[in-house]
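Novice: Sharing a structure below in structure tokens format, with a few things to ask.
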Amino acid sequence: MPFLGVLLPAIVILILAVVVGLQVKPRPFAPYRPASGPVAEIPLPGGLPAPVERFFRTVYGDRIPVIRTVAITGRGRMRPFGIWLPARYVWIHNAGTDYRHYFEATLFGIPLLRVNEGYVGGESFFESPMATLHDDPNTNQGANVALWAEAGLFPAVWITDPRVHWTAVDGDTALLTVPYEDEEETFVVRFDTETGLVTTMEVMRYREAGEGQPKVLWITRNESGPSVPGLPISAVGSATWLDQGKPWAVFTLESIVTNVDVSQVIEARGTW
24 MPFLGVLLPA IVILILAVVV GLQVKPRPFA PYRPASGPVA EIPLPGGLPA PVERFFRTVY
84 GDRIPVIRTV AITGRGRMRP FGIWLPARYV WIHNAGTDYR HYFEATLFGI PLLRVNEGYV
144 GGESFFESPM ATLHDDPNTN QGANVALWAE AGLFPAVWIT DPRVHWTAVD GDTALLTVPY
204 EDEEETFVVR FDTETGLVTT MEVMRYREAG EGQPKVLWIT RNESGPSVPG LPISAVGSAT
264 WLDQGKPWAV FTLESIVTNV DVSQVIEARG TW
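Here my numbering is used: the first residue of the sequence shown is 24, the next is one more, and so on.
Next comes the structure, spelled out in structure tokens:
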């Protein structure tokens, strides 16, 4: 009994400390330097489906920037073990080609879990305390899907990349077809009737590595919140597997620079 009298309060204190620690946001990563480089522009092309043309006119007007590289920093929440963890992240893109992600999930703002993942030269990699994968076919497909979904934060690439094309569905929906190896992947993109902005993107994606795994519908959603600097697009997005019914991650972009040299960092590993 005396032992329980000490143990139970200690457990309660520990649980309360963890709960408090999970409310502490990590410090943001410093914005990527240097600042954005020169940006060329092209005219908005004709022949786009009506909701797609409306979207690009709302976001950019009649001139579309040509974005080659992107560096994004931000914070959010992830639940890799079923419990929401505060997180901070860096996303580096060669637009439409390669990317690198670095995540830190934290407790009391201290890194608890570090993840390096990416898609470089057509091969994916995933490095974390839970697992290490390289060039797994399922993970490659999932990484390519993520590459194009994240372009929703710099959607000019959906117009300027000649490998991408749009197909009309109805007044608020269109299909976005993107390259993948020697084939293509297709997203269902839904637009808000009032604002004209993208609300959700849906695509079939592998969730698990290895043979025999099924694809699962993966849904990204633009959530309410602050906007991407300089654009009317929401800086807050969530990702949900259909069979789970609720997001596994919510990310808020805090800084973005474009057309800068990312060659040294996109293939790097280790902590940021």
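By construction, the Cβ of each residue, glycine as well, lies at the ideal position given by its N, Cα and C atoms.
Nearest-angstrom Cα distance between Glu246 and Val212?
Specialist: 15 Å
Novice: May I ask which residues mark the beginning and end of the beta strand (DSSP E) holding Arg244?
Specialist: Lys238 to Asn245
Novice: Pick out whichever of Ala291, Trp107, Gly194 and Val201 has its Cα sitting closest to the Cα of Thr216.
Specialist: Closest by alpha carbon: Gly194.
Novice: May I ask you to report which of helix, strand or coil DSSP gives Pro72?
Specialist: coil
Novice: Please determine if the region 52-71 and the region 275-282 are in contact, where contact requires at least 3 C-beta pairs separated by less than 8 Å.
Specialist: The region 52-71, when compared against the region 275-282, does touch it at the 8 Å Cβ threshold.
Novice: Residue ranges of each beta strand (DSSP E) run of no fewer than 3 residues wholly in the region 192-237, ordered along the chain?
Specialist: 196-203, 206-214 and 221-229
Novice: Return the Cβ separation of Arg93 and Ala110 in integer angstroms, given the expectation that the two are a contact with Cβ distance under 8 Å.
Specialist: For the sequence presented, residue 93 should be read as Val rather than Arg. Between Ala110 and Val93 the Cβ distance is about 19 Å, and since that is not below 8 Å, they are no contact.
Novice: Going by DSSP, name the residue or residues bridged to Leu254.
Specialist: Answer by DSSP bridge pairing: none, since Leu254 is not bridged.
Novice: Could you give the DSSP three-state label for Phe126: helix, strand or coil?
Specialist: Correct three-state label for Phe126: strand.
Novice: Could you compute how far the alpha carbon of Arg56 sits from the alpha carbon of Arg102?
Specialist: 30 Å
Novice: Taking its Cβ as the centre, do 16 or more other Cβ atoms sit within 10 Å of Val62, making it buried, or is it exposed?
Specialist: exposed
Novice: Nearest CA to the CA of Thr222: which residue from Glu146, Glu150 and Ser261?
Specialist: Ser261
Novice: Counting only the same chain and skipping the five closest in sequence on each side, list residues whose C-beta sits under 7 Å from that of Trp295.
Specialist: Phe52, Val113 and Tyr125
Novice: So, is Ile95 buried or exposed, given that buried needs 16 or more other C-beta atoms within 10 angstroms?
Specialist: buried
Novice: Would you tell me roughly how many angstroms separate the C-alpha atoms of Trp264 and Gly132, rounded to the nearest one?
Specialist: 27 Å
Novice: What is the DSSP secondary structure of Phe131, counted as helix, strand or coil?
Specialist: coil
Novice: Looking at the secondary structure, which residues open and close the alpha helix (DSSP H) in which Ala169 lies?
Specialist: Residues Pro160 to Glu173.
Novice: Strictly by DSSP, which residues pair up with Ile289?
Specialist: Beta-bridge annotation (DSSP): Ile289 is not paired with any residue.
Novice: DSSP has Phe79 in a bridge; who is on the other side?
Specialist: DSSP output for Phe79 lists no bridge partner at all.
Novice: In or out: Arg91 buried (at least 16 other Cβ within 10 Å) or exposed?
Specialist: buried
Novice: From Trp271 to Val75, what distance separates their C-alpha atoms?
Specialist: Each residue's Cα considered, the two are about 28 Å apart.
Novice: Would you kindly work out how many angstroms separate the C-alpha atoms of Tyr334 and Ala197, rounded to a whole number?
Specialist: For the chain, the structure presents residues 24 to 295; residue 334 sits outside this window and is missing.
Novice: State the beta-bridge partners of Ala262 as determined by DSSP.
Specialist: According to DSSP, Ala262 bridges with Thr243 and Ala272.
Novice: Would you list the residues sitting across from Asn117 in a DSSP beta bridge?
Specialist: Thr92 and Asp121
Novice: Does the Cβ of Pro72 have 16 or more other Cβ atoms within 10 Å, making it buried, or fewer, making it exposed?
Specialist: Note on Pro72: 16 or more other CB atoms within 10 angstroms of its CB, so buried under the neighbour-count rule.
Novice: Taking the CB atoms as reference points, tell me whether Arg98 and Trp107 lie closer together than 7 Å.
Specialist: no
Novice: Kindly list the residues whose CB is nearer than 8 Å to the CB of Ser257, restricted to its own chain and excluding five residues on each side of it in sequence; keep chain order.
Specialist: Leu220, Asn245, Glu246, Ser247, Gly248, Pro249, Ser250 and Val251
Novice: Within 10 angstroms of its Cβ, does Met178 collect 16 or more other Cβ (buried), or is it exposed?
Specialist: Sequence check: residue 178 is Pro here, not Met. Answer is buried; the Cβ neighbour count reaches 16.
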